[in-house]
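> One structure coming up, written as structure tokens, with questions to follow.
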Ligand code: NAP
């Protein structure tokens, strides 16, 4: 019998993963994971399934007993899926939502990698960034705001102020996470910009088809970083205004790409890299299918 060449195709059945959501046609996850599967020559598949909410529980049960290594979970299933998994990582528990599931010994293990995605993108794009002394201003108090506030808190950011249209939600987030996370009135945003060294828009304002997020960035310190987690368009009005003012900016696409890394590694056994080639692929797709 001849020795197996290092260039032999991988043997055994392909490992399978997918993304579930409702609707799902907009998801870029198959493109991202498909890119990595090909780049690393992994014997695996990644597909997408449109799954109505009433089908979620049965689907997850079938996954527990079936051949999938795991899945990504997107809108509107993140909170419901949290209730159906067997175990969760710290971020998922904190958020009450999962975006990544892996099947391990017949158990569904849930994770939430949104905050990780934001933070990795921040560290990679602005290598000298330090959590102290950073005063972060989070605009919005939904799921993404919670995830990002959580990782900034864990990283040791000096102060985090959350502002939201519905003030009670910002207040609840600040109370859940505790100091140095505080909430403030939405109409005090201009006042808070004076001290902010990291601004994060976590609302859909600025997304194609939505009204813009209108902030007067003149008040921001010169060293401030402005980030948006909206990635369609890639450069939102907020980022454009920040760039025009000479401030450092961070777009939403990096978060989307980096949040996919832990899932791929868990399912397929290889830690993938977020590269310019991957970014270009998704930017082209966003241009062609906005
Ligand atoms: P969510 O839980 O529904 O929260 C939405 C937040 O935006 C809430 O705080 C909401 O305020 C606020 N908001 C919505 N419309 C608003 C408006 N017209 N004016 C002022 N505030 C408004 O949604 P999410 O999951 O956090 O996602 C938020 C955005 O981030 C979406 O655009 C999503 O596509 C994007 N996102 C991007 C990534 C990425 O990887 N780049 C990851 C996750 C999410 P109220 O509480 O007052 O309703």
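Numbering (my numbering), first residue to last: 990 to 1279. Every residue, glycine too, gets a C-beta built ideally from N, C-alpha and C.
1. The alpha helix (DSSP H) with residue 1238 in it runs from where to where?
2. I need the straight-line Cα distance from residue 1175 to residue 1188, nearest angstrom please.
3. Is there contact between the region 1117-1128 and the region 1258-1272, where contact requires at least three CB pairs shorter than 8 Å?
4. Kindly indicate which three-state DSSP category residue 1062 falls into: helix, strand or coil?
5. Could you please give me the residues that DSSP links to residue 1117 through a beta bridge?
6. Residues in its own chain within less than 6 Å of residue 1078 by CB, not counting five upstream and five downstream?
7. Indicate, with yes or no, if ligand 1 has a heavy atom lying under 8 Å from the CB of residue 1103.
8. Identify the continuous beta strand (DSSP E) that holds residue 1098 and give its terminal residues.
9. Quick check on the DSSP output: the beta strand (DSSP E) that includes residue 1037 runs from which residue to which?
10. Which runs of the beta strand (DSSP E) spanning at least 3 residues fall entirely within the region 1201-1227, listed in chain order?
11. Report, in whole angstroms, the separation of the C-beta atoms of residue 1010 and residue 1040, which I expect to be a contact under 8 Å.
12. Would residue 1061 pass as a contact of residue 1109 if the rule is Cβ separation under 9 Å?
13. Where does residue 991 fall in DSSP's three states?
14. Where in the region 1155-1189 do unbroken runs of the alpha helix (DSSP H), each at least 4 residues long, occur, reported from the N-terminal end onward?
15. Would you say the region 1244-1254 touches the region 1146-1165, given that touching needs at least three Cβ pairs under 8 Å?
16. Would you report the Cα separation of residue 1276 and residue 1213, rounded to the nearest angstrom?
17. Between which two residues does the beta strand (DSSP E) harbouring residue 1093 extend?
18. I need the DSSP call for residue 1023, collapsed to helix, strand or coil.
19. Nearer than 8 Å: is that true of the beta carbon of residue 1057 relative to any heavy atom of ligand 1?
20. In chain order, what residues of the same chain lie with their CB nearer than 7 Å to the CB of residue 1023, ignoring the 5 residues before and after it?
The structure says:
1. On the chain shown, position 249 is the one that residue 1238 refers to. From DSSP, residue 1238 is part of no alpha helix (DSSP H) but of the beta strand (DSSP E) over 1237-1239.
2. Within the chain shown, numbered from 1, the residue matching residue 1175 stands at position 186. Within the chain shown, numbered from 1, the residue matching residue 1188 stands at position 199. Taking the straight line from one Cα to the other gives about 14 Å.
3. no
4. Working through the chain shown from its first residue, we reach residue 1062 at position 73. Note: residue 1062 maps to strand in three-state DSSP.
5. By one-based count along the chain shown, residue 1117 stands at place 128. Answer by DSSP bridge pairing: none, since residue 1117 is not bridged.
6. Reading the chain shown from its first residue, position 89 is the one you call residue 1078. So the list reads 1100, once near-sequence residues are dropped.
7. Walking along the chain shown from the start, residue 1103 turns up at place 114. Flag set: Cβ of residue 1103 near ligand 1.
8. Taking the first residue of the chain shown as position 1, residue 1098 is located at position 109. 1096-1100 is the span of the beta strand (DSSP E), which, as asked, contains residue 1098.
9. As a working mapping, residue 1037 is identified with position 48 in the chain shown. 1033-1039 is the span of the beta strand (DSSP E), which, as asked, contains residue 1037.
10. 1214-1217
11. Here residue 1010 is taken as the residue at index 21 of the chain shown, counted from 1. Here residue 1040 is taken as the residue at index 51 of the chain shown, counted from 1. About 7 Å; that satisfies the 8 Å criterion.
12. Here residue 1061 refers to the residue found at position 72 of the chain shown. Here residue 1109 refers to the residue found at position 120 of the chain shown. No, Cβ-Cβ distance for residue 1061 and residue 1109 is not below 9 Å.
13. For the purposes of this step, residue 991 is identified with residue 2 of the chain shown, where counting begins at 1. Only weak support exists for where residue 991 lies, its pLDDT of 37 falling under 50; the coordinates are left without a value.
14. 1156-1166 and 1178-1182
15. no
16. Taking the first residue of the chain shown as position 1, residue 1276 is located at position 287. Taking the first residue of the chain shown as position 1, residue 1213 is located at position 224. Their backbone Cα atoms lie some 29 Å apart in a straight line.
17. Taking the chain shown and counting its residues from 1, the one referred to as residue 1093 is at position 104. That run of the beta strand (DSSP E) goes 1089-1093.
18. As a first step, residue 1023 is located in the chain shown; it is residue number 34 there, counting from the start. In the structure shown, residue 1023 sits in a helix (DSSP, three-state: H, G or I).
19. Looking up residue 1057 in the chain shown gives position 68. Result no, Cβ not under 8 Å from ligand 1.
20. Within the chain shown, the letter at position 34 stands for residue 1023. These residues qualify, in order along the chain: 1035.
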